[in-house]
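> Here our numbering is used: the first residue of the sequence shown is 408, the next is one more, and so on.
All C-beta atoms, glycine included, are put in the ideal place defined by N, C-alpha and C.
Here you go, one structure.
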Amino acid sequence: MQVYPERLPQQLQDKLVPVYLVFGDDPFLVAEACDRIRQAAKTQGFDERKRLVQDKDFDWHTLFESSQTLSLFSSQQLIELELPELKLGREGGKALIDFAAQQAPDQLLLLFGPQLKKAHKDSKWFKTLSQNGVFVPVYTPSLAQLPNYIRTRAQQLQLQLSNDAVQLLASLYEGNLLALQQSLEKLQLLSLDSANTPASELQADQVQSMVEDNSRYDLFALQDAILNQDYGAFVHCLQRLLETGTDIVLVHWLLLRVHNSLKKVRHAQRQNKPLKAAMESEQIWDKNQSAFLALLAADSPTRNHARIELLERLELAIKRDSGEDPIILALHAGLLFFQQGNRALALNTYAKDEFYSNSPYSHFGWNL
């Protein structure tokens, strides 16, 4: 039987099956599913737990020896076997099949490890054990799936997040679900009011200030510099953010956020829809709306297209180590929100090293 992780708690409420197989590509999700099985086993009287790891020196007879040595103080036994490389060979496959044939009713077997390939699923040992038990396939959510994953996790913690806050967390924690879970739990604690009840919906700036060290330079000062068309302040803010340890992923998220807000409000303008409502949907409030409309009016199709290219290159530099310097790309993606970006485009020097001899970026003495 196959049960996905989100359905596992419901299955564990019933009588436990003899074998659980948990395999997947994310260590945090695999560990979480295994912890749920361990807790359910303990609740149902499996007081003795034996843990085995199939390393290069592993002897498969150890599995049988463990099953024959039940403690005098326990009536039921949980045997865990980690398969870190999934290299069982004929001996290992046969040992698991033999164990399943002889498994006592007071024994529970938990197998876990990395993601299974088709050859593993077609093997005799896997088919035998999965027929007698539950297979829990664990998959890391894709970037497109991550926002819904975050919303589900937040709901479990009674934590309310705005769409912007969800997107910020997705950008920051893609590929690190353990850190994501820790941050959500931290946000839950920090957002409780004096009566220990969840506060209202958290916005992106609140999430950023809670997740990041409060002593760090404010990420949203970058947005203010763009709206105020103060390129010197933008460069200085970027420098301070990076010097105080802010992840470049957050800088990319902020630049993409401003770019997408321009895109959406421009679309509303072309559709003759109310611009105030469009800006408020992007969390651009009254005090910033005049500056935002001025930014929208000054933006050009040429700068817009070049900015898209740079933001895409910045994402590749961060996630795939493309070889380009992400700081240079972030600086020049930001430059294209400013009138000064027109000069770089005219000279065809944006995001190129030769531009730095005449750039405010060179004044800070950063070694790039």
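Nearest by alpha-carbon distance to leucine 517: which of Gly741, Leu550 and Leu485 is it?
Leu485
> What three-state label does DSSP hand isoleucine 486 in the structure shown?
Reduced to three states, the DSSP call for isoleucine 486 is strand.
> In terms of alpha-carbon separation, which member of Ala586, Ser549, Glu487 and Val460 lies closest to proline 425?
Glu487
> Could you give the DSSP three-state label for glycine 639: helix, strand or coil?
helix
> In the DSSP output, what is glutamine 514 paired with across the bridge?
Gln484
> Roughly how far, in whole angstroms, is the beta-carbon of alanine 740 from the beta-carbon of leucine 718, given that I think they are within contact range, below 8 Å?
5 Å
> Just list the residues that DSSP pairs phenylalanine 744 with in beta bridges.
In the DSSP output, where bridge partners are listed per residue, phenylalanine 744 has none listed.
> Quick check: the region 409-427 against the region 529-542, are at least 3 beta-carbon pairs closer than 8 Å?
yes
> At a cut-off of 7 Å, would you count lysine 671 as near the ligand NAP, judging by its Cβ distance to the nearest heavy atom?
Ligands are entirely absent from the displayed structure, and the ligand NAP is therefore not among its contents.
> Using 8 Å as the cut-off, can you tell me whether the region 624-632 makes contact with the region 582-594, which would need three or more C-beta pairs spanning the two stretches below that distance?
no
> Under the rule that 16 or more other beta-carbon atoms within 10 Å means buried, what is arginine 727, buried or exposed?
By the 10 Å Cβ count, arginine 727 comes out exposed.
> Going by the CB atoms, is the gap between tyrosine 546 and glycine 431 shorter than 8 Å?
yes
> Leaving out five residues on either side along the sequence, give the residues of the same chain with a beta carbon under 6 Å from the beta carbon of alanine 602.
Bear in mind that the predicted position of alanine 602 carries a pLDDT of just 48, short of 50, making it unreliable; the figure below should be weighed with that in mind. Nothing meets the Cβ criterion.
> Could you check if arginine 497 is buried or exposed, using at least 16 other CB atoms within 10 Å of its CB as the buried criterion?
Answer is exposed; the Cβ neighbour count stays below 16.
> Using DSSP bridges, identify the partner residues of glycine 520.
Phe430
> Would DSSP call arginine 456 helix, strand or coil?
strand
> Work out the CA separation of glycine 652 and aspartate 620 for me, nearest whole Å.
Caution is warranted here: a pLDDT of 46 is assigned to aspartate 620, below 50, making its placement in the model unreliable, and the coordinate value is therefore given only provisionally. In a straight line, the C-alpha of aspartate 620 is about 9 Å away from that of glycine 652.
> With a cut-off of 8 Å on the beta carbons, I'd call valine 656 and serine 578 a contact; round off their distance for me.
6 Å
> Per DSSP, what kind of secondary structure is phenylalanine 533 in: helix, strand or coil?
helix
> Just to check my reading of the structure: leucine 742 and aspartate 706 have Cβ atoms closer than 8 Å, yes? What is that Cβ distance to the nearest angstrom?
With a Cβ gap of about 13 Å, leucine 742 and aspartate 706 do not count as contacting.
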